[in-house]
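Residue numbers (the numbering used here): 225 to 479. Glycine is no exception: its CB is placed at the ideal position from the N, C-alpha and C atoms. Only a predicted model underlies this, so the values are computations on that prediction, with no experimental measurement involved. Data block below; observations after.
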Amino acid sequence: MNLALVNVKGGVGKTTTAVNLAVSFASSGLRTLIIDLDPQCSTSCALGIEDHEPNVADVVMRRRDLKDSLQPTSSENLSILRGSLELAGADLELSRRKAPVQTVRDALKPVRRRFDMVVIDSPPGLSLYSLMALDAAGAYVVPTVPHPLAADALDQFFSGLESVSSRLGKKPTLLGILLTMVDHRTKLTDELVKVTRRKYGRSVMRTEIPLNVQLAVASGRGRSIFNHESWSTGGAAYRRLGGEVLRRARKEGLL
Ligand SMILES: Nc1ncnc2c1ncn2[C@@H]1O[C@H](COP(=O)(O)OP(=O)(O)OP(=O)(O)O)[C@@H](O)[C@H]1O
Ligand SMILES: [Mg+2]
């Protein structure tokens, strides 16, 4: 299964979720690839991967095959197509090319049998790279935070997706909206979590990711939560999320 992490809003836990989900899949024995499609390269940093070539820019610029651009990570069963700052300035040129949105889907075809899971992190927004991620993925997860502005951004995301859907090969499946950085000590959080669950119903993942500083510390050290404080509240939540994502994917016939 190919899974994209997307939202128009920044700083909502897309990268943290991409990294920790990918490591949880890999540690359960699934052959996993993580693709860093964000010019910020945070996924690569969070996995301790240095900024070198080959990288994702080589693949989206069609200079190199994806299979020759992958790196191992310190986690068994997990490979990465690392990010590139070059993406920041490449979107204008790419968008002039033929079928730019399909680039990642096409690049993945030859390695289809090599991986059980492909996790694709994308930048905030619904620009070219997020569309590439959605087009390459059969499924997507939308991380969000319990904050009034994030609730507005969630609405914007779904209406934005509707208006760009004609640019995608086929409609990807929403596996779930994921509440992250949840701090139930505040009343406002409780209220916003309730409102989100009421509004989006079963589309909201049962698992919530708590606000847990160890998740930030781990990524600063270039490690997943499982290689840092595996039994922290963040680690336990991402372990549960891995299970829920797989259950939802099976239910949708994606696995
Ligand atoms: N559950 C959490 N508890 C505490 N800190 C978190 C949690 N999840 C993420 N963070 C921290 O919050 C910041 C934003 O998270 P992250 O980078 O995953 O968001 P993002 O949606 O990928 O951001 P961007 O849109 O910039 O790519 C990071 O510093 C990260 O370490
Ligand atoms: Mg990110």
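First and last residue of the beta strand (DSSP E) that includes residue i?
i, result
"Asp260", "Thr256 to Asp260"
Strictly by DSSP, which residues pair up with residue i?
i, result
"Gly215", "Because the chain in this structure spans residues 225 to 479, residue 215 falls outside the shown range and cannot be described."
"Asp345", "Leu229 and Asp260"
"Gln295", "Ile304"
"Val406", "Pro434"
"Val428", "Ile401"
The alpha helix (DSSP H) spanning residue i covers which residue range?
i, result
"Val469", "Thr457 to Lys475"
"Gly237", "Careful: Gly237 lies outside any alpha helix (DSSP H) and carries neither H nor E."
"Phe382", "Pro372 to Val388"
"Arg329", "Thr327 to Leu332"
"Ala323", "Per DSSP, Ala323 belongs to no alpha helix (DSSP H) and is neither H nor E."
"Met356", "Leu352 to Ala360"
"Asp282", "Val280 to Val284"
Helix, strand or coil: how does DSSP classify residue i here?
i, result
"Pro434", "strand"
"Cys269", "helix"
"Glu317", "helix"
"Asp340", "coil"
"Arg391", "helix"
"Gly446", "coil"
"Asp289", "coil"
"Glu415", "helix"
"Ser182", "It is not possible to answer for residue 182, since the shown part of the chain is limited to 225 through 479."
"Ser251", "helix"
"Leu309", "coil"
"Leu479", "coil"
How about residue i and residue j: do their beta carbons lie closer than 8 angstroms?
i, j, result
"Lys418", "Asp345", "no"
"Leu254", "Leu305", "no"
"Leu479", "Ala473", "yes"
"Val342", "Leu332", "yes"
"Gly307", "Val325", "no"
"Asp275", "Ser293", "no"
"His452", "Arg463", "no"
"Leu392", "Val365", "no"
"Val428", "Leu245", "no"
"Pro348", "Ala312", "no"
"Val335", "Leu290", "yes"
Hey, is the region 227-234 in contact with the region 347-367, meaning 3+ C-beta pairs nearer than 8 angstroms? yes
*asked:* Counting beta carbon pairs with one atom in the region 269-283 and one in the region 388-403, are three or more of them shorter than 8 angstroms?
replied: no
*Are there three or more Cβ pairs, one per stretch, closer than 8 angstroms when the region 455-462 is compared with the region 422-442?*
yes
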